[in-house]
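Report on the following structure.
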Amino acid sequence: MDGLHEFLLDTGLVSRDALLRATELASEQGESLDKMLVRGGFVSADDVRRALAAVHGVPLVRLEPHLLSFEDLILIPEPMSRAHMAIAYASGPRGVEVAVLDLDDVPVLERQLAPRTLAVRLTDQTSMKRALLHYQKLLKEQYGAVFAAELGVLQTAQAAGDADHSAAVVDAAARVLDTLLRHALVHQAHEVVLQPHDAVHVRYRMHDAWYDAMTLPLQALPPLVARARTLASMSANEVFSHGRFSVHEEGTMDKRVSVGVHITPMSHASGSVHSLAFTLAHDTVRRGSSLSSLSCRLRITDELRHALQHQHGLILVCGPMGAGKTSMLYTLLDECSSPHKSLATVETAVQTHLPAVSHMEVREEYGVSSASCFRAQLRQGANVVMIDCPLDAELVEVALHAANRGTLVLLGIHASSAAEGIEELMRMGVSTDLLASVFTASVGVARIPALCQASKISYTLSRDEQHFLEEGVLVKDVLADLKTDRVTDSSAAWKDISLWAPASCDGCDRGFTGTIGIQEVISATATLSHLIRQGADASAFARDAHQSGAQTLAEDALYKAVQGRVAATDVLTVARG
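First residue of the sequence shown? That's 40 in my numbering, and the numbers climb one at a time after it.
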């Protein structure tokens, strides 16, 4: 951090000797310099923050609580805001301005806010503390009164020895549970767990992390468990209870949320108690998105539909967090829909309930593993199984053998490209012979900003940019596709093609309106199968696909740039990887 060294010395915030000592300690303990400066007492946290803001060119802001709206704040759920000391304080059609204390927390916030653009600001500890208190005050005003009143009823009933059968207790438990679920939904939680300890600890899962949400008194848990049993039509005699009910989204009558209920007995100092868990999924009860709605062009659509014609095999869907893997998986599953096929899923949390599809959720904490879910779906006769959950060696092995025996497996995998998805699967120790025999296709997906059509302006590539594209992208193949699809004139030359840049207007956010999907497909070939058996890497798979005429994410982005749907600079960014 040369810039940080210079800034601290130039401003006199720390002496040269002290800075040298802090640098040595940071190196010895494997810690960043900025954190060591604070932990070692060399300089205050706010002074380091001001230095980092100057060095990185990140604006330093002071948050005014009275100017913070609940609509902006809730973009980062309060438990996440509290855990990462981050406040969303302003938002537009595409971007969100977020104040943080630590730049290391930015990747978590980017996943939460995707596909919106994150505009990072630094703030001081006093501002952050006041903003979080204001956030908590707004939540208390909205939900606190109900919790306080109804929990008081439960406590009074407990003291009077009438905690089980009183109508007042039943009504109070219903209102507490309803408020809790609304609170979880407004925080965009995927799962809610109520665990009995000294009190009932309520935790929310958002993406792949758990956050402490609140605590409830222990005596509130039995009535809440009883209420959940009633809603999910569970028998009181079941030891491990699983069920489901649905609720309306707050403020709507047509949008519903499917609530999975899991009740598990636990040992506790007070005697026999239960833990209570909910999984939340928007129950849209609709068909999946179409390939065209995912912005797939004709070439990609044809390649995907050709891959789906196979009665068995393995199709990978690859992309980083927020790239659109789940949307693509659901869409491919829906494309397989037929009266003669049985479709099923294995998911971390059900995102969309498709008609005539058997959905299963992985519940590792209850011994319901992803592999056991997959086997259960096979026993039910599934012809096509979509897998959208963290992968482990057992699940992958079972899936590959099923693909070899007659099941079409759609497998989501965290990788940045179609070629890297194949390599990532090989890293899990699968049999390369088996993988080569079942591999059907690998689909790479990503999302990039979509240009505002009302304000875009023409963009001319510089000589260096043009040379870079011609070196790294199959420009001639993209141009041929543009002519085939009649996007450009059949006589057009590459030099005649126009690209575009963003320009702001009242209806967009700095020239952009949301995001658009880009895709690539690597299909099975004899050469690719040979490379898999040899244990080749992603670069070898990509070269083979390139030689076979497959187009990359960058080439799909260039096609859409010529259409005027994405900016020329974003094509260059994708091409650079």
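Quick reminder that beta carbons are idealized off the backbone N, C-alpha and C, glycines included.
In this text the structure is predicted, and so the values were computed from the model without any measurement.
Residue closest to residue i, alpha-carbon to alpha-carbon, out of the options
| i | options | result |
| --- | --- | --- |
| R525 | V300, L337, S120 and A346 | L337 |
| Q234 | D56, W533, V312 and V225 | V312 |
| T564 | A584, C547 and R549 | A584 |
| A84 | E136, D163, L99 and R155 | D163 |
| A581 | A458, E510 and T499 | A458 |
| F551 | L430, R155 and G282 | R155 |
| E436 | A454, F413, S455 and L597 | F413 |
| T471 | L439, A362 and I496 | L439 |
| L106 | L171, F284, T527 and L393 | L171 |
| D305 | S297, V296, L315 and V298 | The question names Asp, but residue 305 is Met in the sequence shown. Of the listed residues, the one whose Cα sits closest to M305 is L315. |
| L417 | L270, L333 and R444 | R444 |
| D548 | V135, E342, Y250 and S397 | V135 |
| R334 | D237, V356, G358 and G363 | Correcting the residue identity first, residue 334 is Ser in this sequence and not Arg. Closest by alpha carbon: G363. |
| L270 | H246, S297 and R242 | S297 |
| A90 | V147, M167, D143 and L161 | L161 |
| R266 | A212, Y250 and M245 | A212 |
Helix, strand or coil at residue i [DSSP, three-state]
| i | result |
| --- | --- |
| V159 | strand |
| G420 | coil |
| L148 | helix |
| T291 | With a pLDDT of 46 at T291, under the threshold of 50, the modelled position of this residue cannot be trusted, and the question is left open. |
| G96 | coil |
| E103 | coil |
| H173 | helix |
| R221 | helix |
| R549 | coil |
| E67 | helix |
| F284 | strand |
| V53 | coil |
| R60 | helix |
| F186 | helix |
| M124 | coil |
| T554 | strand |
| R615 | coil |
| R525 | coil |
| V605 | coil |
| D251 | strand |
| G191 | helix |
| I496 | strand |
| S562 | strand |
| F478 | strand |
| V231 | strand |
| S130 | strand |
| A489 | strand |
Beta-carbon proximity of residue i to residue j, cut-off 8 Å
| i | j | result |
| --- | --- | --- |
| L449 | V423 | yes |
| H506 | R402 | no |
| E462 | I452 | no |
| P104 | H173 | yes |
| P118 | A275 | no |
| A485 | L592 | yes |
| L190 | V231 | no |
| E149 | L157 | yes |
| A259 | T318 | no |
| V605 | I555 | yes |
| E559 | S456 | yes |
| I632 | A475 | This structure does not reach residue 632, given that the chain is present from 40 up to 616, and the question cannot be answered. |
| A65 | F81 | no |
| D595 | I561 | no |
| Q350 | L447 | yes |
| G546 | A493 | yes |
| K495 | G603 | yes |
| L220 | V208 | no |
| V264 | T254 | no |
Contact belief for residue i with residue j at Cβ below 8 Å, rounded distance in angstroms
| i | j | result |
| --- | --- | --- |
| L178 | L152 | About 19 Å separates the two Cβ atoms, so there is no contact after all. |
| A410 | L434 | 5 Å |
| C491 | P541 | 7 Å |
| A600 | L500 | The Cβ separation is near 10 Å, so there is no contact. |
| A383 | A346 | So it is not a contact: roughly 19 Å between Cβ atoms. |
| A614 | V512 | 6 Å |
Distance cut-off 7 Å: residue i Cβ against heavy atoms of the ligand HEM
| i | result |
| --- | --- |
| M465 | The ligand HEM is not among the ligands present in this structure, which contains no ligands whatsoever. |
Residue i at chain B interface by Cβ criterion, 8 Å
| i | result |
| --- | --- |
| P118 | The displayed structure is made up of one protein chain only, and chain B is not part of it. |
Of all the beta strand (DSSP E) runs that stay within the bounds of the stretch 295-382, which reach a length of 3 or more residues? Listed in chain order, they are 295-307, 310-322 and 352-358.
Uninterrupted beta strand (DSSP E) stretches inside the stretch 395-475 (no shorter than 3 residues): Whole beta strand (DSSP E) segments, 3+ residues: 396-400, 423-427 and 447-453.
Identify every run of the alpha helix (DSSP H) within the stretch 569-606, keeping only runs that are complete inside it and at least 4 residues long; order them along the chain. Within the stretch 569-606, the complete alpha helix (DSSP H) segments at least 4 residues long are 577-586 and 592-601, listed from N- to C-terminus.
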